[in-house]
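Engineer:
Number of protein chains: 2
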Amino acid sequence: MRIGVFGSGTVGQTVGKKLVELGHDVMLGTREPGKLAEWADGAGGKASAGSYAEAAAHGEIIINATAGTGSLAALELAGAENLGAKILIDIANPLDFSQGMPPFLAVTNTDSLGEQIQRAYPDLRVVKTLNTTNASMMVDPRQLADGDHDVFVSGNDTAAKARVSELLREFGWRSIIDLGDISTARGTEMLLPLWVRLYGALNTPVFNFKIVR
Amino acid sequence: MRIGVFGSGTVGQTVGKKLVELGHDVMLGTREPGKLAEWADGAGGKASAGSYAEAAAHGEIIINATAGTGSLAALELAGAENLGAKILIDIANPLDFSQGMPPFLAVTNTDSLGEQIQRAYPDLRVVKTLNTTNASMMVDPRQLADGDHDVFVSGNDTAAKARVSELLREFGWRSIIDLGDISTARGTEMLLPLWVRLYGALNTPVFNFKIVR
Chain X
-13 MRIGVFGSGT
-3 VGQTVGKKLV
7 ELGHDVMLGT
17 REPGKLAEWA
27 DGAGGKASAG
37 SYAEAAAHGE
47 IIINATAGTG
57 SLAALELAGA
67 ENLGAKILID
77 IANPLDFSQG
87 MPPFLAVTNT
97 DSLGEQIQRA
107 YPDLRVVKTL
117 NTTNASMMVD
127 PRQLADGDHD
137 VFVSGNDTAA
147 KARVSELLRE
157 FGWRSIIDLG
167 DISTARGTEM
177 LLPLWVRLYG
187 ALNTPVFNFK
197 IVR
Chain W
-13 MRIGVFGSGT
-3 VGQTVGKKLV
7 ELGHDVMLGT
17 REPGKLAEWA
27 DGAGGKASAG
37 SYAEAAAHGE
47 IIINATAGTG
57 SLAALELAGA
67 ENLGAKILID
77 IANPLDFSQG
87 MPPFLAVTNT
97 DSLGEQIQRA
107 YPDLRVVKTL
117 NTTNASMMVD
127 PRQLADGDHD
137 VFVSGNDTAA
147 KARVSELLRE
157 FGWRSIIDLG
167 DISTARGTEM
177 LLPLWVRLYG
187 ALNTPVFNFK
197 IVR
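These protein sequences, in sequence, are chains X and W.
The first sequence begins at -13 in the numbering used here and counts up by one.
The second sequence begins at -13 in the numbering used here and counts up by one.
1) Just the Cα atoms here: how many angstroms apart are W/G166 and W/K114?
2) Just to confirm, are X/L153 and X/V137 a CB contact at a threshold of 8 Å?
3) Going by DSSP, what residue range makes up the alpha helix (DSSP H) through X/R155?
4) Below 7 Å CB to CB, which residues in the same chain sit around X/T(-4) once its five sequence neighbours on both sides are set aside?
5) Write down every uninterrupted run of the alpha helix (DSSP H) in the segment 64 to 116 of chain X whose length is 4 residues or greater and which is fully enclosed by it, in chain order.
6) Check W/S57 in the structure and name its three-state DSSP category.
7) Should X/D76 be labelled buried (16 or more other beta-carbon atoms within 10 Å of its own) or exposed?
8) Over the uninterrupted alpha helix (DSSP H) stretch that includes W/G2, give me the two end residues.
9) Please confirm if W/A131 has its CB atom under 8 Å from at least one CB of chain A.
10) Between X/I73 and X/R111, how many whole angstroms is the CB-CB distance? I'm expecting something under 8 Å.
11) Suppose you measure from the CA of W/V150 to the CA of X/D126; what does that come to, to the nearest Å?
12) In chain order, what residues of the same chain lie with their CB nearer than 6 Å to the CB of W/N117, ignoring the 5 residues before and after it?
13) Would the segment 51 to 67 of chain W count as touching the segment 82 to 100 of chain W if we require 3 or more Cβ pairs under 8 Å?
14) Tell me which residue opens and which closes the beta strand (DSSP E) that W/V125 is part of.
15) Flag W/T190 as yes if its beta-carbon sits less than 8 Å from any beta-carbon of chain X, otherwise no.
16) Along chain X, in chain order, which residues have C-beta atoms closer than 7 Å to that of W/D143?
17) Express the C-alpha separation of W/V12 and W/M(-13) in angstroms, rounding to a whole number.
18) With DSSP collapsed to three states, give me the class of X/R(-12).
19) I'd like the ranges of any alpha helix (DSSP H) spanning at least 4 consecutive residues and lying wholly in the segment 18 to 43 of chain W.
20) As a quick exercise: from W/S34, W/K3 and W/L188, pick the residue whose alpha carbon is nearest that of W/T16.
21) Hey, could you find the ends of the alpha helix (DSSP H) W/G173 is sitting in?
22) For W/R105 and W/T170, what's the separation of their Cα atoms in angstroms?
23) Check whether the Cβ of X/L99 sits closer than 7 Å to any heavy atom of the ligand MG, and report yes or no.
Spelled out as structure tokens, the structure:
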């Protein structure tokens, strides 16, 4: 299917490349599409780059892989008319590195980035997911314990979460936990401070959370 | 050894009873020790109840199992002279239920309850741990997957973390992850919003996090 991916960093490029490999028609959206010519060439097949508005118009599904503190600005550039009532998969985290390491959350506790996006674009069907792992784990969960660990989904639209879960299974995810409505994105976004400390303590980003029950 | 446990709720009583079973001499500290006569009788052996000050004076190690929003007030009643340079195991979470469910955190993101306690009592050797599970899991991790899941420790004093880890192993914990200094308590306290949502989604408090790596 046609997918628009917002963000030209490691996460956007990694997810975009994986989607192309899976046979999808992907346009990466960014402020400076010229810089992504190499990505589009390297990704091969149905890979292209454009503005946020062009990527939004291209996608039947949109993935927000921008830096979380810039996500709302990116969506504004994309334009509500191009976003429509599409599914937006929000995989960003509102990490603020302005005070150095460790980062803190720019929105948290009584609100979340996922909710901010949903409020700003009420027609969008926002599904928060994948924000609890690094880019390589997002698209290749089987690299670790054959995928015996968890990913979470949060969102108000049950059908949208089911559709996104199909995509997660294409990535290799075996266990998907539906936390509930979009306000549950607070929980997964607030996992990031622990993730960052575990990265330091374990000295590797190749780990993930499994809910043992 | 002699242990003072602050808090007369489910967590304090459960942890206190387990410590007595393990052969420790436990005094529960509370505002109204009279209410704990039944606990002391039921726990058997070396179990008693007293004021916060009496429990603090009693313990070679102190465990903070009060409601997180009341912890600093409890420690003030205990008195710096009774706390001294002892190890304080902080298992509380600063959950604020005043706005209903789900709770939010009264301190978070750029600070934590663990850090607040450490700052207020610089001589105390604060170790944050066990705050990421419910009371029954804290003292009996083997009830789930034979203990194949994780507990975290945060604290500035390496020797204190080693001593607390011994106690955790007495409880049955097999895997203990040292996150670093007391500021890493932000990470585990910020896990609570996800814990609360998982409790709802899974419909049981009998689960725990395992860091797959």
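C-beta atoms are modelled at their ideal positions from N, C-alpha and C, and glycine is treated no differently.
The structure displayed is predicted, hence computed values, not measured ones.
Structural biologist: Looking at the coordinates:
1) 10 Å
2) no
3) T144 to F157
4) A121
5) 66 to 69 and 99 to 106
6) helix
7) buried
8) T(-4) to E7
9) No chain A appears in the structure shown, which is made up of the protein chains X and W.
10) 5 Å
11) 37 Å
12) I77, N79 and T174
13) yes
14) Taken as a continuous stretch (DSSP letters only), W/V125 belongs to no beta strand (DSSP E), being part of the alpha helix (DSSP H) at A121 to V125.
15) yes
16) Ordered by position in chain X, no residue passes the 7 Å Cβ test against W/D143, which lies about 17 Å from the chain.
17) 8 Å
18) strand
19) 23 to 29
20) W/S34
21) A171 to E175
22) 14 Å
23) For the structure depicted, the ligand MG is absent and the ligand set is empty, with no information on it obtainable.
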